[in-house]
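S.K.: The structure that follows is given in the form of C-alpha cells.
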Amino acid sequence: MKLHKISICTLTILTIAMVIVGGCQQPTEPIATEDTQNELSVTSLKKTAGTGWDHGYFWSLYREGGSASITFPSAGTYAGNFAISYSNVTDVVGGKGWNPGSARNVNYNIGALSGSYNFVGVYGWTTNPLIEYYVAEKGSVTGGTYINSVTSDGHSYSVYKQQRVNAPSIIGTATFWQYKDTWGGASTGSNRTVTMSNHINNWKSKGGQGFGSYNYMIFALEAWGGKSGYINATVW
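Under this note's numbering, the first residue of the sequence shown carries the number 334, and numbering increases by one thereafter.
Rendered as C-alpha cells:
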C-alpha cells in the first residue's frame, strides 16, 4: 500500500462547501448520488493530496495515477456524507471524519458502492509514534505479522501489523508501523458502528509498537492497482 503523504499539491477546486455547522444526523436509507456539487478533482499529477473541512467534518483525499474526485452531495442533510469517484488509479484513499481522531464510536452507512476497491472502513494516523491504522468493514487489509483476533460489534476481526520503510506518510517519507484489522462483512444501505476503543485497546496491549497521539481519523475507501469505482457513504 502506498500511503499517504498529506501535502497540498496542485488541486483543481470546482466547488467545496466550507461552512462548518454543528450536529450530525443518522441516515435511514442509502444516500442519493445524483448531486454533483461540492467537488474536489485531482487528476493531473502523478501524486496529489488534499484535505479540508465540510459541514464540521474533516475530509482527506490522496491519489497516485489515474483520476479521483471527492464530493459532498447530501451533506446539507447528513453532515458526514461524501462521495468519491475514481478511475484507473495507482492508489487512492479518501473519506470524511475527524481531526483529531479519538477512541469514539464510528457510525456509518455505505449508501452506494460500485466498481472495484480494496478497503472500506476506518482509517487514520497517530504520531509519536507514527502509526497508520485500518479497520476494514468491507474488503480486507492483511499482510505482515498476525497478532490476534478481536471481537467487536458482533463479529471477529483478524489483526495484523506491518512495518513500512521509507514510505509516504503524513509527515513525509518515513518508516512506521501499520495496524490492520479486517472483518469485511458489512452490507450496503444499513447503519453500522465501529467501536474504536476495542481496536485501540487491543493495539495498545498486543501490538507492541505503542499507539501515539491522535492525528486524523476518517471513514475511508482505498483502491490500488488500476482500479475504478464509486462510493457514497455517510459517517457520524
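Ideal Cβ placement from N, Cα and C applies to all residues, glycine included.
1. Specify, as a first and last residue, the run of the beta strand (DSSP E) that residue 392 falls within.
2. Does the segment 466 to 478 come into contact with the segment 510 to 523, if we say contact requires no fewer than three beta-carbon pairs (one atom in each stretch) closer than 8 Å?
3. Mind checking residue 546: buried by the 16 CB within 10 Å criterion, or exposed?
4. Are there three or more Cβ pairs, one per stretch, closer than 8 Å when the segment 416 to 433 is compared with the segment 520 to 528?
5. For residue 512, which beta-bridge partners are listed by DSSP?
6. Ends of the alpha helix (DSSP H) at residue 533?
7. Buried or exposed: which applies to residue 358, given that a residue is buried once 16 or more other Cβ atoms fall within 10 Å of its Cβ?
8. How is the beta strand (DSSP E) around residue 430 delimited, first residue to last?
9. Between the alpha carbons of residue 544 and residue 380, how many angstroms are there, rounded?
10. So, with DSSP's three-state summary, where would you put residue 569?
11. Mind reading off the beta-carbon distance from residue 440 to residue 526? Whole number of angstroms is fine, and I expect it under 8 Å.
12. Determine the closest residue to residue 431 out of 553, 477, 391, with distance taken between C-alpha atoms.
13. Should residue 450 be flagged as near chain C, meaning a C-beta pair shorter than 8 Å?
14. Rounded to whole angstroms, what's the CA-CA distance from residue 447 to residue 559? Just pull it up for me.
15. If you drop the 5 nearest sequence neighbours on each side, which residues of the same chain put their C-beta closer than 6 Å to that of residue 530?
16. For residue 408, which of helix, strand or coil comes out of DSSP?
17. Among 387, 458, 482, which has the Cα closest to the Cα of residue 505?
18. Rounded to the nearest angstrom, what separates residue 449 and residue 565 at their Cα positions?
19. Counting C-beta neighbours from all protein chains within 10 Å, is the total for residue 402 16 or more, i.e. buried, or is it exposed?
20. Straight-line CA distance for residue 479 to residue 400?
21. May I ask you to report which of helix, strand or coil DSSP gives residue 506?
22. Straight-line CA distance for residue 541 to residue 509?
23. Could you name the residues of the same chain whose beta carbon sits closer than 8 Å to that of residue 489, not counting the 5 residues immediately before and after it, in chain order?
M.R.: Quick look at the numbers:
1. 390 to 397
2. yes
3. exposed
4. no
5. 466, 494
6. 529 to 539
7. The predicted position of residue 358 is uncertain, since its pLDDT is 38 and thus under 50; no value can be drawn from it.
8. 414 to 431
9. 28 Å
10. coil
11. 5 Å
12. 391
13. The displayed structure is made up of one protein chain only, and chain C is not part of it.
14. 15 Å
15. 436
16. coil
17. 458
18. 14 Å
19. buried
20. 34 Å
21. coil
22. 13 Å
23. 482, 483, 516
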